[in-house]
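J.:
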Amino acid sequence: MDKLVPAFETTLFDPTLSDACSDMAELGIDSLLDDGVFKSIPVVSLLIGVGKTAQNIHDRNLLKQTIKFINTFNEKSISQEKINKYRKKIQSKPKYAEEELGRVIILLNSNVELKKSELLGKFYRAYVDETIDWDTFCELSDITSRLFVSDLQLLYDIYHLQVSDTSQCPVYKADRLIALGLLDSATKSMTISSSTGSQTQRYIQTNALGKLYCQLSLS
């Protein structure tokens with residue numbers, strides 16, 4: 002981690018290196034690693050090792066997740082003033098770099114779906130841009146790590162008021178989003194039957210945290 006965090010920082014904030022990461026995603030990691038063209042990128046070099054290729058499934062996944070995160074982070078610009086302010090903070094106090102960038106690397110390492118690394122990139126961009134604070138980033142990233150990617154569309158449908166109660170969606174998906182703290186619910190109706198037992202329909206809506214999650218993840 003001692004070498005990986007600085008390499009990650011350099012790759013994340015250097016425009017020429019982030020552009021190279023974009024090329025990697027577009028052309029495909031395998032072919033580019035075979036040629037060795039992009040092994041000069043600090044984070045790539047450390048993840049696969051000098052002169053080696055990413056043959057291990059675990060290493061290949063981490064590399065793909067990292068590239069996805071970096072590309073998403075750089076999709077929209079942040080003022081140079083805020084980038085410089087953030088880099089100054091983590092360079093002057095290495096504990097912040099270890100805590101913040103180190104946390105991101107650990108999260109990326111645990112991801113299987115690229116979508117989660119994309120979301121993480123958007124949330125971290127909002128953090129560096131000072132739209133959210135560190136505690137909020139941690140909360141959003143923890144939610145993302147526990148989120149079923151297949152539930153995202155339902156979350157967005159509820160956010161856009163296309164779904165307003167559990168009769169319009171799979172109840173188990175709504176329950177998962179409620180458990181994550183993204184939705185509020187209230188009883189709409191209750192039916193008691195001797196054959197089917199009790200059934201409860203609930204109104205559902207995104208709460209403040211759910212709205213923030215949607216706003217940032219759809220940005």
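Residues 2 to 220 (our numbering) make up the sequence shown, in order.
Even glycine gets a Cβ: it sits at the ideal position worked out from N, Cα and C.
1) For the region 72-137, list the alpha helix (DSSP H) runs that are entirely contained and at least 4 residues long, ordered along the chain.
2) Assign residue 203 to one of two classes, buried (16 or more other C-beta atoms within 10 Å of its C-beta) or exposed (fewer than that).
3) To the nearest angstrom, report how far apart residue 113 and residue 100 are at their CA atoms.
4) Looking at the secondary structure, which residues open and close the alpha helix (DSSP H) in which residue 170 lies?
5) Quick check: the region 67-77 against the region 112-129, are at least 3 beta-carbon pairs closer than 8 Å?
6) In terms of alpha-carbon separation, which member of 137, 58 and 106 lies closest to residue 10?
7) Just mark residue 150 as buried or exposed, buried being the case when its beta carbon has 16 or more other beta carbons within 10 Å.
8) Only counting the same chain, and skipping five residues up and downstream in sequence, which positions put a Cβ closer than 6 Å to that of residue 122?
9) Decide if residue 43 is buried, meaning its Cβ has at least 16 other Cβ atoms within 10 Å, or exposed.
10) Pick helix, strand or coil for residue 185, following the three-state DSSP scheme.
11) How would you call residue 188, buried or exposed, if buried means at least 16 neighbouring beta carbons within 10 angstroms?
12) Given a cut-off of 8 Å, decide if residue 216 and residue 159 are closer than it, judged by their beta-carbon atoms.
T.: In this structure, then:
1) 81-93, 95-111 and 115-129
2) In the sequence shown, counting from the first residue as 1, residue 203 sits at position 202. Buried, since its Cβ has 16 or more Cβ neighbours within 10 Å.
3) To locate residue 113, count along the sequence shown from 1; it is residue 112. To locate residue 100, count along the sequence shown from 1; it is residue 99. Each residue's Cα considered, the two are about 22 Å apart.
4) On the sequence shown, residue 170 is found 169 positions in, with the first residue counted as 1. First-last for residue 170: undefined, no H or E at that position.
5) yes
6) Counting from one through the sequence shown, the residue named residue 10 turns up at place 9. With distances taken between Cα atoms, residue 10 lies closest to 106.
7) In the sequence shown, the residue the question calls residue 150 occupies position 149. So residue 150 counts as exposed.
8) Here residue 122 refers to the residue found at position 121 when the sequence shown is read from its first residue. Non-local C-beta neighbours of residue 122 in its own chain, meaning closer than 6 Å and more than five positions away in sequence, comprise 70, 73 and 74, ordered along the chain.
9) Counting from one through the sequence shown, the residue named residue 43 turns up at place 42. Classification of residue 43: buried, given that the 10 Å Cβ count is 16 or more.
10) Translated into positions along the sequence shown, residue 185 becomes position 184. Per DSSP, reduced to three states, the secondary structure at residue 185 is strand.
11) For the purposes of this step, residue 188 is identified with residue 187 of the sequence shown, where counting begins at 1. Label assigned to residue 188: exposed.
12) Looking up residue 159 in the sequence shown gives position 158. Looking up residue 216 in the sequence shown gives position 215. Result no, Cβ atoms of residue 159 and residue 216 do not sit closer than 8 Å.
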